[in-house]
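For reference, each letter of the sequence shown is one residue, going 1 to 229 in the numbering used here.
Ideal Cβ placement from N, Cα and C applies to all residues, glycine included.
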Amino acid sequence: MLKKISNIGDCGITCDFGEEVNKKTNKEVIKLFNFIKESVNSKKIKGILNYTPSYNKLIINFELGQIKSKEIIEFIKGSDFSKTILSEKNKIVEIPICYDEEFALDIKRLEERTKLNFKEIIKEHLNTNFFVYMIGFVPGQPFLGDLNNNLHHDRLDTPRVKINKGSVGIVEKFCTIYTFESPGGWNIIGKTPLDLFNINKKNTSLLTPGDTVRFKSISKKNLLSFKNE
Numbered sequence: 001m002l003k004k005i006s007n008i009g010d011c012g013i014t015c016d017f018g019e020e021v022n023k024k025t026n027k028e029v030i031k032l033f034n035f036i037k038e039s040v041n042s043k044k045i046k047g048i049l050n051y052t053p054s055y056n057k058l059i060i061n062f063e064l065g066q067i068k069s070k071e072i073i074e075f076i077k078g079s080d081f082s083k084t085i086l087s088e089k090n091k092i093v094e095i096p097i098c099y100d101e102e103f104a105l106d107i108k109r110l111e112e113r114t115k116l117n118f119k120e121i122i123k124e125h126l127n128t129n130f131f132v133y134m135i136g137f138v139p140g141q142p143f144l145g146d147l148n149n150n151l152h153h154d155r156l157d158t159p160r161v162k163i164n165k166g167s168v169g170i171v172e173k174f175c176t177i178y179t180f181e182s183p184g185g186w187n188i189i190g191k192t193p194l195d196l197f198n199i200n201k202k203n204t205s206l207l208t209p210g211d212t213v214r215f216k217s218i219s220k221k222n223l224l225s226f227k228n229e
């Protein structure tokens, strides 16, 4: 349920669905996202530049010369977007991952903090059906939930300056895959050779919010010989 709408700067508003992070809340965000997308495509509303969903919020950016925030807020409040039908074509995507210690940079730290051994951590990770909450931070990077409580752990005290592309990390109830080399403070447990983002493809991002991800363990040999199509 939409809790409040507020301005962020001159050309943006945030639609806030509360503080909870779960599938139910996220689906409400995606309903509003789809509703705005349909409204823009059918020209029921003008001046919208971008609309970006997160776990529990939707950010809408607009062209100030074409529309005012008050008009967008009134449009949303006057619409019943809760009846928007979500796509039933969400994918189940299997992602290969190599858990060799060379790529599992924080496995010792996780063993100490979770009181689970390496094999138990891998088993928990492989047995989780991950829900794609959102795509962002860098292009194509997915934020996946929900890990079992026994794998929950905080970010690194000091983030790394560089995390290699393909690194798979966990923090609290979430899992992510670094689609580009970038800084980061997630606990790294493995690496995938799969390209999740390709600017040369029609659908640049392999994953979309609402998809399901399962990981499949592969050897280092298979990692190094993997060919992206």
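*Ignore the nearest five residues each way along the sequence and tell me which others in Ile67's own chain have a CB closer than 8 Å to its CB.*
Ile45, Lys46, Gly47, Ile48
*Would you say the region 129–149 touches the region 60–75, given that touching needs at least three Cβ pairs under 8 Å?*
no
*When DSSP labels each residue in this structure, what does Ile76 get in the three-state scheme?*
helix
*How long is the line joining the alpha carbons of Leu224 and Cys98, rounded to whole angstroms?*
10 Å
_Per the DSSP calculation, Lys4 is bridged to which residue(s)?_
Asp16
*Is it the case that the Cβ atoms of Asn150 and Thr114 are separated by a distance below 8 Å?*
Yes, the pair counts as a contact, with Cβ atoms nearer than the cut-off.
_Paired residues, beta bridge with Arg160 - DSSP_ = Beta-bridge analysis with DSSP links Arg160 to Gly184.
*In the structure shown, what three-state DSSP assignment does Ala22 receive?*
It should be noted that the sequence gives Asn, not Ala, for residue 22. Reduced to three states, the DSSP call for Asn22 is coil.
*With DSSP collapsed to three states, give me the class of Asn228.*
coil
*the region 163–170 / the region 186–202 touching (three or more Cβ pairs under 8 Å)*: Yes: the two stretches touch, three or more of their Cβ pairs being nearer than 8 Å.
*Looking only at its own chain, which residues have a Cβ that is under 6 Å from the Cβ of Pro139, when we skip the five neighbours before and after it?*
Phe197
*Note down the Cα distance separating Leu250 from Cys15, rounded to an integer number of angstroms.*
Limits of the chain in this structure are 1 at one end and 229 at the other, which puts residue 250 out of reach.
*asked:* Quick check: Phe81 and Phe35, are their CB atoms within less than 8 Å of each other?
replied: yes
_Taking the alpha-carbon of Gly210 as reference, which of Ser39, Tyr55, Asn50, Asp10 has the nearest alpha-carbon?_
Tyr55
*For Thr176, does the three-state DSSP call read helix, strand or coil?*
strand
*For the candidate residues Ile107, Phe226, Leu116, Ser205, whose alpha-carbon lies nearest to that of Asn187?*
For Asn187, the closest alpha carbon among the candidates Ile107, Phe226, Leu116, Ser205 is that of Ile107.
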